[in-house]
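Worksheet: one structure, shown below.
Protein chains: 2
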Amino acid sequence: MTAHHASKDPGPHPAQVSASARVDAVVDPALPATAARLRAHVLRMTTRVGSGHPTSALSAAELVSALFFQQMRWDPSEPGGRDQDRFLLSKGNATPIFWAALHEAGALDEAPEILCQLDSTLEGHLSPRNPWVPALTGSLGQGLSIVNGMALANRFDGIDARLYCLLSDGECSEGAVWESAQFAAAQNLGAITALVDANGLQQSGPAPTATQPERLAERFRAFGWSAEVIDGHDLHAIVRALRPLDNAQPRALIARTVKGQGVSFLAGADGWHGKALSAEECEAALAEIQAPAQGVHITPRRVPVSPPPAVAPATTNPPTPPDQRGELTATRSGFGTALARAGARCKDLIVLDGDVRHSTKTNDFAAQHPERFIEAGIAEQNMIGTALGLAVSGKRPCVSSFAAFLSRGYDFLRMAANSRPPHLLVVGSHAGVSVGKDRPSQIGLEDIAMFRALDGATLLYPSDAVSAERLTEQALEQPGLTYLRTTRVKTPVLYGPGEPFPIGGSKTLIASEQDRLTLVAAGVAVSEALDAYVQLLESGVPTRVIDAYSIEPLDVETLLRAGRETAGLLVVEDHHLNGGLGDAVAARVGRQTRVFRLGVTGEPHYGTPAQLRRRQRLSNKAIEQAALAMAA
Amino acid sequence: MTAHHASKDPGPHPAQVSASARVDAVVDPALPATAARLRAHVLRMTTRVGSGHPTSALSAAELVSALFFQQMRWDPSEPGGRDQDRFLLSKGNATPIFWAALHEAGALDEAPEILCQLDSTLEGHLSPRNPWVPALTGSLGQGLSIVNGMALANRFDGIDARLYCLLSDGECSEGAVWESAQFAAAQNLGAITALVDANGLQQSGPAPTATQPERLAERFRAFGWSAEVIDGHDLHAIVRALRPLDNAQPRALIARTVKGQGVSFLAGADGWHGKALSAEECEAALAEIQAPAQGVHITPRRVPVSPPPAVAPATTNPPTPPDQRGELTATRSGFGTALARAGARCKDLIVLDGDVRHSTKTNDFAAQHPERFIEAGIAEQNMIGTALGLAVSGKRPCVSSFAAFLSRGYDFLRMAANSRPPHLLVVGSHAGVSVGKDRPSQIGLEDIAMFRALDGATLLYPSDAVSAERLTEQALEQPGLTYLRTTRVKTPVLYGPGEPFPIGGSKTLIASEQDRLTLVAAGVAVSEALDAYVQLLESGVPTRVIDAYSIEPLDVETLLRAGRETAGLLVVEDHHLNGGLGDAVAARVGRQTRVFRLGVTGEPHYGTPAQLRRRQRLSNKAIEQAALAMAA
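Order-wise, the sequence lines are chains Y and H. First residue of the first sequence? That's 1 in the UniProt record's numbering, and the numbers climb one at a time after it. First residue of the second sequence? That's 1 in the UniProt record's numbering, and the numbers climb one at a time after it.
Next up, the structure:
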């Protein structure tokens, strides 16, 4: 986007200036004044609100000016339009410079005066409540993974846009940056440019590469990127480095900058991290900056959109006959079957797996829809961030790994949930000690706790292959972040093929007027509960059995009724005793009825699923004993 | 350790062979036979148990043979002795080769026949239940961080041992590896050698660098290591590359290997990942390997220990006068004060902070005990793993970051908890919406849920600066993993300086026989609850107030009594509604009394602490209203 002072003749329509004509790095003559005005906005905003990281924003003034007011093809009147070049601020502390650029370009409805007021969309860190922000950032090291997903979505849709991600040098200490770097190179995401604002200072002192920004360039190169070090305050150098390349390689520009640049008493000075200036200091700074009173206006541009690449018709396997009741099938297989089938129906469904497709059972989808299957490798953080980038670009991603390894990406899941994506399905397999011989480090025992604490997330935990299929189908339609928990071992099919499984519901499998207590189970524990029911009936204790496949939202009404009609609820789950279904039931219906919990505690062990269930008091025998104690 | 056939003359005592004498890479002539025997052990073990990843183990046979039977100075009769070179297997799938080496050296009490039997310490993945295993591995990408901590502990104690970490090439996709690489180089941990078993195959196909192992060497070099690519089946190349260097740089050896090496039908073949051989296949493989019937015996060696470097006497600040009741002080400050003071008392206390020391308040410790303060940078995963490495080496580490950013390291926390370290304190500051202007991405709302689901973890949440000090002191003495949650905003001092805060206890701040209900609060919510109490008393509803500073273990007895003596408990906390104190109380005492919960839900917002508390129904007014509804 070429910028020019509003008073000047606009000259030839900038959209007509071809990319090649800009190879000589002709800097728009208005850019220095624009950078000064952005600096002034930053200082006024942060001083007014009395917080923020003005010096972290000032170091990026030239980078942001060159992007928004010369390089990027974008339309200030259409927030987040996909046929535009996009910018994502990963170094959240620099947020004021982003609001300043949008304000300067006339792209904000709100004046930056309301920065950080409650309910303003202009928060201290980027939040997707503002329509220019695709996803929440500010937990460092996540931006590049989101941009990976946005770039993939553009490729799927034939949108020839460039994506710019601004990181800090300190941020490159986060390992997630390198997961994302490897992925971008492997996927040939040449549309991505990472700009590293290498001002060399972080909260506690110098950044690890403060004196050697070239080291960062070497790292990006070793991860398959093209990379160069430039002077981040030299607009000519920036514009030259930003010239479009026809290159499948992503590109990193390590911009040597000075924190607080533009103000003599801030530039390079330690002790100013995260501090707003006082009113007097702000005045002094503004006097130095001498921003012109008059800003620029910019002409909207869009990027070309070509028809998406033709896709070979999907290889559809012959439909597998539905599982019959009593047959043994793993819920992960039910998920895999439904996912592959959904691939034919939902053209926006993209599946990402973390090098465990044969275990998680996304391999059927991969075989039938290879163009929409992404092998994300042994790098769960980037996988989740990439899925979020796809989700906020209108795709319907499904992320799959072992439940245990989702803990590797919990910060990414947290930020994804708070980004309120339209649809994002996360599937964790090999959950619980029923995994058995797949060894303790691979057993997911914390995943329900993780997702219950994420606001707005839906949690589903099927007990058999049929409910796994139905819940997968619905999970793909469910708004926001949805977690589906699957099991490694085979369990008996409990339901007929036509059985509905509404989200928020449950299945009362056994009930009579004589029921003395209720077993509430989910997942692999349901079969054990059914076996325990038989034994309890023989012991003269008729028992209700409920399959609580929807943990969030929970079917409180059914549980309350069971509580009224029996002497209490015994919740059984293959998850840590704390944080799971037992807690959910105790918290929601415990005021009306007695709730007991059985779950996993103690040191993890290797063993067969049956051995471990017995040890963890999750076997039918252990359930029976607990129930008898409760009924006594 | 020089290996030789048991039948041979042992020759000169290997401990007398100096490091320099081995520069010419004289390979012990017994090593090829040893490698063959290790391969045979691996195949027999995995076939017998019918599971495991034999091919992932076979590729490392020469590397492991050269380490354990020539290079490493170790004593098979003393598991985990610190004056030995140490080995940590990060690529968990290769576990059988580790058991094989230990067995071959006579270092195991248990025969490898019992691999993977319940209660055997020889599990399918390394577990620290076996004394040769410092910490749980097998969730990929964690080993190097643990080795970082072990190397730091050795440096503190003047132990001149080398540390070897075996990774896979696929594992290097995990960003955590690069966090650890940067840290090791920055800390000049030249004692570390990373061996990357680059067999080029992972579960779903080729590893990202399968055809370019040199790329991995470039990455390590760009992160400050020396690195070279070697033939991982050439014992001469391995021994030459392993020669000791007097170098502050950590060293990476990228060993080109073949998965399944040594058996014609396994070598480099796809489709064998994670599969044990049948009995017939195993016989055929053993026939190819032709391992000699006779093994080697090795002579124990130890490494020199020098007096630890002299440490300048700590700069002790004059003791700060104790906070007076009603004064405003943040709990993070109470923690910081106690931590700095403990530094003088506990010489094994090491503090690690993730570039937020000025916010978390570890800066006092850093100033007074700089030699035991480790700036771990913006890399939380490595920080936690390094702390675990310190913990299992007899140090008393304290890890500090924002509560929100601990979510970045949840997989590391999970593995740390399951490693059952003697002492490991984790402190999360800026918890809850009371953080206010520090923006949503930085607000920890999931941390209590995270730690409650970690088996054996202790959870403490002080409400004022005095209890923060006392609980910090006790947390440092508490066995296992302990989490302390602190708050950013200043809150009134509630307790006198002599007040005790036993772990597992609580403080009943207000109680009378007329109490109609009980407010149970922790942390920042306690002051709000006390304000609500005043208002409720004016409304004619006398209320008990309990400070539940110990969330795990929970003071169930006091809560049960309050439940008996009043009409129910209203739990108030600045954490997500799910997974926190409310769930803990509901699950533990909800059968005996009514439990209501107030906690955070909904989209995170920027705002002042007071605005956010009001919005989240955590203000004293909101508590009052909820209590009145409950009492009605």
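From the three backbone atoms N, C-alpha and C, an ideal C-beta is built for every residue, glycine too. Being a predicted model, the structure only gives us computed values, none of them experimental.
Taking Cβ positions, are residue i and residue j nearer each other than 8 angstroms?
| i | j | result |
| --- | --- | --- |
| arginine 325 of chain H | glycine 496 of chain H | yes |
| alanine 186 of chain H | leucine 390 of chain H | no |
| serine 65 of chain Y | leucine 102 of chain Y | no |
| arginine 62 of chain Y | alanine 35 of chain Y | Checking the sequence shown, residue 62 of chain Y turns out to be glutamate, not arginine. Yes, the pair counts as a contact, with Cβ atoms nearer than the cut-off. |
| glutamate 528 of chain H | isoleucine 623 of chain H | yes |
| tryptophan 225 of chain Y | alanine 252 of chain Y | yes |
| arginine 86 of chain H | alanine 161 of chain H | yes |
| aspartate 574 of chain H | valine 524 of chain H | yes |
With a 10 Å radius around its C-beta and 16 neighbouring C-beta atoms as the bar for buried, classify residue i as buried or exposed.
| i | result |
| --- | --- |
| alanine 632 of chain Y | exposed |
| leucine 328 of chain Y | exposed |
| aspartate 109 of chain Y | exposed |
| serine 264 of chain Y | exposed |
| alanine 626 of chain H | buried |
| valine 23 of chain Y | Model confidence at valine 23 of chain Y stands at a pLDDT of 49, short of 50, so the residue's coordinates are unreliable; what they give is reported in the following sentence. Answer is exposed; the Cβ neighbour count stays below 16. |
| aspartate 455 of chain Y | buried |
| glutamine 294 of chain Y | exposed |
| alanine 21 of chain Y | Residue placement at alanine 21 of chain Y is flagged as unreliable, the pLDDT there being 40, under the threshold of 50; the coordinate-derived value follows with that caveat. Result: exposed. |
| aspartate 364 of chain Y | buried |
| asparagine 620 of chain H | buried |
| glutamine 514 of chain H | exposed |
| threonine 211 of chain H | exposed |
Which residues in chain H sit within 7 angstroms of residue i, going by Cβ to Cβ distance?
| i | result |
| --- | --- |
| leucine 415 of chain Y | Sequence inspection shows methionine at residue 415 of chain Y; the leucine mentioned does not correspond to that position. Going along chain H in sequence order, the residues near methionine 415 of chain Y (Cβ under 7 angstroms) are Ser441. |
| tryptophan 272 of chain Y | Near tryptophan 272 of chain Y there are no residues of chain H at all, since even the closest Cβ is about 12 angstroms away, more than 7 angstroms. |
| tyrosine 410 of chain Y | Ser407 and Tyr410 |
| glutamine 381 of chain Y | Gly175 |
Could you list which residues in chain Y have their beta carbon closer than 7 angstroms to that of residue i, in chain order?
| i | result |
| --- | --- |
| histidine 53 of chain H | Ordered by position in chain Y, no residue passes the 7 angstroms Cβ test against histidine 53 of chain H, which lies about 10 angstroms from the chain. |
| proline 208 of chain H | Gln182, Ala186 and Gly377 |
| arginine 251 of chain H | Correct list: empty, because the minimum Cβ distance to chain Y is about 17 angstroms. |
Would you mind telling me which residues of chain Y sit closer than 8 angstroms to residue i, beta carbon to beta carbon, in chain order?
| i | result |
| --- | --- |
| glycine 394 of chain H | In chain order: nothing, as chain Y lies at least about 21 angstroms away. |
| arginine 597 of chain H | Ala587 |
| residue 684 of chain H | As shown, chain H starts at 1 and ends at 632. That puts residue 684 of chain H outside it, with no answer to give. |
For a contact defined as C-beta to C-beta under 9 angstroms, what are the partners of residue i on chain Y?
| i | result |
| --- | --- |
| aspartate 455 of chain H | Leu445, His576, Leu577, Asn578, Val600, Thr601, Gly602, Glu603 and Pro604 |
| glutamate 171 of chain H | Ile378 |
| asparagine 199 of chain H | The premise fails here: asparagine 199 of chain H is roughly 14 angstroms from chain Y at the closest Cβ pair, so nothing lies under 9 angstroms. |
| valine 572 of chain H | Near valine 572 of chain H there are no residues of chain Y at all, since even the closest Cβ is about 14 angstroms away, more than 9 angstroms. |
Can you pull the chain H neighbours of residue i, defined as C-beta to C-beta under 8 angstroms?
| i | result |
| --- | --- |
| arginine 420 of chain Y | Glu603 |
| glycine 582 of chain Y | Ala587 |
| glutamate 179 of chain Y | Ser173, Glu174 and Gly175 |
Please list the segments of the beta strand (DSSP E) lying wholly inside the segment 12–92 of chain Y, counting only runs of 3 or more residues, in order along the chain. 86–89
Residues, ordered as in the chain, of the segment 122–148 of chain Y that lie near chain H by beta-carbon distance below 8 angstroms: Glu123, Gly124, His125, Ser127, Arg129, Leu136, Thr137, Gly138, Ser139, Leu140 and Gly141
Fully enclosed by the segment 452–519 of chain H, which alpha helix (DSSP H) runs are 4 residues long or longer? 465–475
Check distances from the C-beta atoms of the segment 50–81 of chain H to those of chain Y and list, in chain order, the residues that come in under 7 angstroms. Ser51
Listed from N- to C-terminal order along the chain, which residues in the segment 357–371 of chain H have their beta-carbon within a distance smaller than 7 angstroms of any beta-carbon of chain Y? Arg357 and His358
Using a Cβ cut-off of 8 angstroms, which residues of the segment 211–227 of chain H contact any Cβ in chain Y, in chain order? Arg215, Glu218, Arg219, Arg221, Ala222, Phe223 and Gly224
3 or more residues per run - each beta strand (DSSP E) lying fully within the segment 561–606 of chain Y: 569–576 and 595–600
Residue ranges of each beta strand (DSSP E) within the segment 316–354 of chain H, 3 or longer: 328–330 and 349–353
Going residue by residue through the segment 214–265 of chain Y, where are the continuous alpha helix (DSSP H) segments of at least 4 residues, counting only ones entirely within it? 235–241
Sequence ranges, beta strand (DSSP E) only - wholly within the segment 350–424 of chain H, length at least 3: 373–375 and 396–402
Name, going along the chain, the residues of the segment 87–103 of chain Y whose beta-carbon falls closer than 9 angstroms to a beta-carbon of chain H. Gly92 and Thr95
Listed in chain order, which residues of the segment 454–487 of chain Y have Cβ atoms closer than 9 angstroms to some Cβ of chain H? Leu454, Asp455 and Gly456
Listed in chain order, which residues of the segment 601–631 of chain Y have Cβ atoms closer than 9 angstroms to some Cβ of chain H? Thr601, Gly602, Glu603, Pro604, His605, Tyr606, Gly607, Thr608, Gln611, Leu612 and Arg615
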